[in-house]
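Colleague: Structure provided below as structure tokens; questions to follow.
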Amino acid sequence: MNTNTEQNCKLAETLRSLSLEPSFQTAEPPVRKSRRLFLSSVLLALGVGAVAFFWPDIAPRLKTALQPPPAITTPTTQAASGIGSPIPSANSLRPASAPEITGSGFVVAPRIVTVFSKYEGEIASVGVRVGDRVEAGQVLVGIGDISADFSLEQARADRDAAKLVLDGKILALKQAESSLQRNAALSAKNAVSVQTVEEAQTARDAALNAVDQARQAYARTQLGVKIAQEHVDALTVRAPISGTVTRLDARVGGRVLARVDGLKENESLLTITDTKSMVIDADVAETNIGELRPGLRGEAVLDGFPDKPFMIEILQVWPIASAEKGTITLRLALLDPPDGTMPNMAARIRISTIPAQQPGDTSR
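Per full-length UniProt numbering, residue 1 is the first one in the sequence shown, and the count goes up by one each step.
Here you go:
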């Protein structure tokens, strides 16, 4: 009985091992399966996020790579097709990147004159305003000085008195010469003594010396009149150059100092700027010094007129460089600048290192 039972148990175990059902001992636990599923989901989400983040950069490259290459038409094909090829423009014949030098600077008026008063006095009149155009010699400011007028009148009176003295000395000289001639004639006839003739000669010489002294005195008085007249004339201040009044400090009733006493600019009367001879002083990198030379032309644009470029030409390359900025200063002529250009306006320049082709030149 027991033997049959043991045999049945062994038979059942053998049949169970041969069955197709999975073994419960080798089956994977549910916890491990869920963990793998979670990790796979996280990796998938990270991949999708990376693609979304880099898509703006990847998309153009993919689009370019997928586009077919453009068809290239050779000149032979165009000629064979019978369609006339367009004539290339002047810009298409230029190199792709022409060498240029750029820089920046300011509009400068080289001729600026600060006007002072030569003599001290009170301002009696001011005939100009800031912005007025004046010509050389035009009256600007009138300065009153009564003592200068008195000095001129005194000098004229002294001159007239010296003239009268000179005329009297000349008359005395004529009388002395006449007396000498008469005594000399009488002495020849033994009518007068030799001593009388000598005395007449001495009187004539003294009269001649007196005339010379009177003539010198008269010349000194004439010089005095000129000095006094120059003082009075200098009280009328005139424009030394033609230009525009850019600063005016003179006020009617104000007191001005003499030129030797008023050396500061704020003690001057006004400033005149020649706005018709302006230039641009611009700084460029000193690495371009080998390509810079007078005569090169370029283009400038003022910040005040950004839509009105105009031509410029190098007049001078500064003889020294700036150690602080590492730049070279150029002085540039303005060729047909826009109306309204003023000193101290900011400018941007661009100069081509290739000389401009003159009219009539032909390339070989």
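Where a beta carbon is used, it is the ideal one built from N, C-alpha and C, also for glycine.
Using the DSSP secondary-structure output, state which residues sit across from Ala136 in a beta bridge.
Modeller: Ala136 is not bridged to any residue.
Colleague: With distances taken Cα to Cα, identify the nearest neighbour of Pro337 among Lys276, Ser147, Glu100, Ala161.
Modeller: The candidate whose alpha carbon is nearest that of Pro337 is Lys276.
Colleague: For Ile351, which residues from the same chain have a beta carbon less than 6 Å from its beta carbon, with the 5 sequence-adjacent residues on both sides left out?
Modeller: If we look at Ile351 and ignore the five residues flanking it on each side, its Cβ neighbours are Ile101, Leu296, Gly298.
Colleague: By DSSP, does Asp145 sit in helix, in strand, or in coil?
Modeller: It is coil, neither helix nor strand.
Colleague: DSSP three-state label for Thr341, please.
Modeller: Residue state, collapsed to three classes: coil.
Colleague: Residues in the same chain with beta-carbon distance under 7 Å from Ile112, minus the five sequence neighbours each way, listed in chain order, please.
Modeller: Closer than 7 Å at the Cβ level, and outside the excluded window around Ile112, lie Thr271, Thr273.
Colleague: Could you tell me the alpha carbon to alpha carbon distance between Ala285 and Lys226, rounded to whole angstroms?
Modeller: The straight-line gap from Cα to Cα measures roughly 57 Å.
Colleague: Under 7 Å, do Gln201 and Leu186 count as touching if we go by C-beta distance?
Modeller: Contact flag unset, no.
Colleague: When the Cα of Val252 is compared with those of Val128, Gly47, Val108, Ser40, which residue comes out closest?
Modeller: Val252 has its Cα closest to that of Val128, out of Val128, Gly47, Val108, Ser40.
Colleague: Going by other Cβ atoms of all chains shown within 10 Å of its Cβ, with 16 needed for buried, is Ala347 buried or exposed?
Modeller: Classification of Ala347: buried, given that the 10 Å Cβ count is 16 or more.
Colleague: Let's see if you can read the secondary structure: which residues bound the beta strand (DSSP E) around Thr271?
Modeller: Looking at the DSSP string, the run of the beta strand (DSSP E) that includes Thr271 is 270–273.
Colleague: Looking at the structure shown, is Glu324 part of a helix, part of a strand, or coil, going by DSSP?
Modeller: Three-state DSSP puts Glu324 in coil, outside helix and strand.
Colleague: In whole angstroms, what separates the C-alpha of Val197 from that of Arg156?
Modeller: Approximately 41 Å, taken between the alpha carbons.
Colleague: Would you mind listing the alpha helix (DSSP H) stretches within the segment 145–212 that are 4+ residues and don't spill past its ends, in chain order?
Modeller: As far as the segment 145–212 is concerned, its whole alpha helix (DSSP H) runs of at least 4 residues are 146–188.
Colleague: Taking Cβ positions, are Thr341 and Asp281 nearer each other than 7 Å?
Modeller: Contact flag unset, no.
Colleague: Rounding to the nearest angstrom, what Cα-Cα distance links Leu292 and Leu302 in this structure?
Modeller: C-alpha separation (whole angstroms): 22 Å.
Colleague: Take Ala214 as the anchor and find which of Gly326, Val115, Gly137, Ala172 has the nearest alpha-carbon.
Modeller: Ala214 has its Cα closest to that of Ala172, out of Gly326, Val115, Gly137, Ala172.
Colleague: For Gly105, which of Thr353, Leu332, Asp339 has the nearest alpha-carbon?
Modeller: Comparing Cα positions, the closest option is Leu332.
Colleague: Could you give the distance in angstroms between the alpha-carbon of Phe150 and the alpha-carbon of Ile349?
Modeller: Each residue's alpha carbon lies about 59 Å from the other.
Colleague: Which of the three DSSP states, helix, strand or coil, is assigned to Thr102?
Modeller: Note: Thr102 maps to strand in three-state DSSP.
Colleague: Going by CA-CA distance only, name the one from Val256, Gly131, Gly224, Leu334 that's closest to Phe310.
Modeller: Phe310 has its Cα closest to that of Leu334, out of Val256, Gly131, Gly224, Leu334.
Colleague: Specify the secondary structure class of Thr353 as computed by DSSP and reduced to three states.
Modeller: DSSP places Thr353 in coil when its eight states are reduced to three.
Colleague: Using DSSP with H/G/I as helix, E/B as strand and the rest coil, what is Asp303?
Modeller: If DSSP states are grouped into helix, strand and coil, Asp303 belongs with coil.
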